[in-house]
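So that you can map any letter, position 163 of the sequence shown is 183 in the numbering used here, and since no number is skipped, the others follow by simple counting. The beta-carbon is built from N, C-alpha and C at its ideal position, and this holds for glycine as well.
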Amino acid sequence: MISLAEAGPDAGPKAATLGNLLRAGFPVPPGYVVLPGDVPVLTDLPDRLYAVRSSASTEDTAQQSAAGMYDSFLGVDRAALADRIAATRASLWSPRAADYRRTDAQMTVIVQQHVEADVSGVLFTGSPTQVEASWGLGESVVSGRVTPRRLHPRQRRAHRPPPR
């Protein structure tokens, strides 16, 4: 297990991007990366809530996003981390995910400090670049439970999330 700030290409695209953002000084919640094959020692972690997130080798690439394909868990206490890490790893082989990617992949797992967000969203960096945002945690956007507000960052005026 390595610090998220140390994550590079071997940590999967999502973890590598978060590591790059941390090293560049952006406000990314701190965390760790559990590499494929790692058996993490979790007893030394602070007693707080965590987000357990996927970072599959084929996820968040220029070819495909895989948004919502793999399991992630929010608000996980330290006692449940091992089970949630195992479940995130296992989601690599769910029929839905295997059919979507149609290629072999490896699963790295991100364990980050959980943040209770007022507003959250997903940034799509393709063409056109856009953000889909809504009130609450990003899980509601990724899972399709809400219809998010679609924003285009090239616009110069500030945008607000949709009304509650």
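Nearest-angstrom Cβ-Cβ length linking residue i and residue j, presumed shorter than 8 Å
{"i": "T128", "j": "P173", "result": "Between P173 and T128 the Cβ distance is about 28 Å, and since that is not below 8 Å, they are no contact."}
{"i": "G45", "j": "A25", "result": "Incorrect: roughly 11 Å between the Cβ atoms, too far for contact."}
{"i": "A153", "j": "S140", "result": "7 Å"}
{"i": "I105", "j": "K34", "result": "Rounded, the Cβ-Cβ distance is 15 Å, inconsistent with contact."}
{"i": "V53", "j": "A76", "result": "In fact, because the Cβ distance is near 13 Å, the residues do not count as touching under 8 Å."}
{"i": "L94", "j": "H134", "result": "6 Å"}
{"i": "M89", "j": "D58", "result": "Not a contact, Cβ separation roughly 22 Å."}
{"i": "V96", "j": "L69", "result": "7 Å"}
Close Cβ partners of residue i (< 8 Å) along its chain, the five nearest in sequence each way excluded
{"i": "A137", "result": "G156, L157 and G158"}
{"i": "P29", "result": "A36"}
Identified DSSP bridge partners for residue i
{"i": "W113", "result": "Partner(s): none; W113 has no beta bridge."}
{"i": "T128", "result": "S75"}
{"i": "Y96", "result": "Correcting the residue type first, residue 96 is Val in the shown sequence and not Tyr. In DSSP, V96 forms a bridge with Y70."}
{"i": "E144", "result": "According to the sequence shown, residue 144 is Phe rather than Glu. Note: F144 sits in a beta bridge opposite Q150."}
Nearest candidate by alpha-carbon position, reference residue i, set the options
{"i": "T63", "options": "L94, A76 and R98", "result": "R98"}
{"i": "P47", "options": "S74, P66 and Q132", "result": "Q132"}
{"i": "V61", "options": "T37, S74 and L101", "result": "L101"}
{"i": "G164", "options": "W113, V142 and T108", "result": "V142"}
Close beta carbons around residue i, own chain, < 6 Å, minus the five adjacent residues each side
{"i": "D67", "result": "R98"}
{"i": "R73", "result": "S92 and I130"}
{"i": "A27", "result": "A35, A36, G39 and V53"}
{"i": "T149", "result": "P173"}
{"i": "P50", "result": "Q133"}
{"i": "A107", "result": "D91"}
{"i": "L71", "result": "Per the sequence shown, the amino acid found at residue 71 is Ala instead of Leu. L94, Q132 and H134, listed in sequence order."}
{"i": "F144", "result": "Q150"}
{"i": "P115", "result": "none"}
Residue span of the beta strand (DSSP E) that contains residue i, given as start and end
{"i": "R170", "result": "R169 to L171"}
{"i": "A71", "result": "L69 to A76"}
{"i": "V53", "result": "G51 to V54"}
Own chain, CB closer than 7 Å to residue i, minus 5 neighbours either side, in chain order
{"i": "S160", "result": "S154 and V166"}
{"i": "R43", "result": "A25"}
{"i": "S23", "result": "Y52"}
{"i": "P168", "result": "G141, E152, A153, S154 and V161"}
{"i": "S111", "result": "S74, Y90, D91 and A117"}
{"i": "L41", "result": "V48"}
For residue i, the first and last residue of its enclosing alpha helix (DSSP H)
{"i": "L42", "result": "P33 to R43"}
{"i": "E159", "result": "E159 to V162"}
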